[in-house]
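Accompanying notes for the structure given below.
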Amino acid sequence: MKNILKTLSVFLILLTACISGDKKLFWIAEPSGHENDFLYMAESTNVPELPPDSLTFYLTSAEILSGEKLTFKNFGTIYKNRAFRLLVLLEEGSGAGRDYTFILRTYDKNFKIIDSYELAAWQEEENRFCFGSIDAELTIKRICEGTTDVRRITNEGRIIAISDHGSD
């Protein structure tokens, strides 16, 4: 009987440890000491640029027609259901200093853009730095210039603002 109770206790501990509300699909954390998620992800990963012949699939018309020289990288699909898929894109600007933006973008089954949201930004020229995450429940939290923004992705792939419930 004691072995069953011990086994059950261990199972419950493991189960509650695995049921964490903080399971992040993707995040860019604010720098801490010598650790900098943002610059590591933007500068040290070997993610190739999107090829010119596929830009129309990934980008908005405004991004394609922009006069600024922009480079885009696809960090991949981080969520997919019957209605949409969620990709993380990195936009690299050509301004002075580092100019990076991580974008969450949803696409329908036909790979048409549904919605987009700036998750994180490192724009030295404008002295603008934003950091954020998206969890398994598709809740997005971003801190930008001292302001917290909380959003959620709907079942249809729309990114909508929601109130912050005091977490963070």
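Residues in the sequence shown are numbered from 4 upward in steps of one, following this note's numbering.
Using N, Cα and C, we set each Cβ at its ideal position, and we do this for glycine too.
- Whole angstroms is fine: what's the gap from R145's alpha carbon to Y61's? Roughly 23 Å separates the two Cα atoms.
- In chain order, which continuous runs of the beta strand (DSSP E) of length 3 or greater are located wholly inside the stretch 73 to 127? List check, beta strand (DSSP E) in window: 74 to 83, 88 to 95, 102 to 110 and 116 to 126.
- Message: Rounded to whole angstroms, what is the Cα-Cα separation between E33 and I137?
- Response: Rounded to whole angstroms, E33 to I137 spans 14 Å at the Cα level.
- Exposed or buried, which one is R161 when buried takes at least 16 other CB atoms within 10 Å? That one is exposed.
- Going by beta carbon distance, what residues of the same chain come within less than 6 Å of E127, once the five residues before and after it are set aside? Take E127, set aside five residues on each side of it, and the residues of its chain with a beta-carbon closer than 6 Å to its own are G100 and R101, in chain order.
- Task: Rounded to whole angstroms, what's the CA-CA distance from E46 to E71? Just pull it up for me.
- Result: Roughly 20 Å between the two C-alpha positions.
- Message: Here's the rule: buried if 16 or more other CB atoms are within 10 angstroms of the residue's CB, otherwise exposed. What is Y120?
- Response: Buried: at least 16 other Cβ atoms inside 10 Å.
- Query: Do you know how far the Cα of N113 is from the Cα of Y43?
  - Reply: Distance from the CA of Y43 to the CA of N113, rounded to the nearest whole angstrom, comes to 32 Å.
- Query: To which residues does DSSP link E38 through a beta bridge?
  - Reply: Beta-bridge pairing links E38 to S35.
- Three or more C-beta pairs below 8 Å linking the stretch 151 to 158 and the stretch 92 to 99: They do not touch, by the three-pair rule.
- Rounded C-alpha distance that separates F3 from H37: An answer regarding residue 3 cannot be provided, because it is not within the stretch 4 to 171 covered by the chain.
- Compare the Cα-Cα distances from T80 to each of G98, T48, F29 and D118 and report the closest residue. Closest in alpha carbon position to T80, among G98, T48, F29 and D118, is F29.
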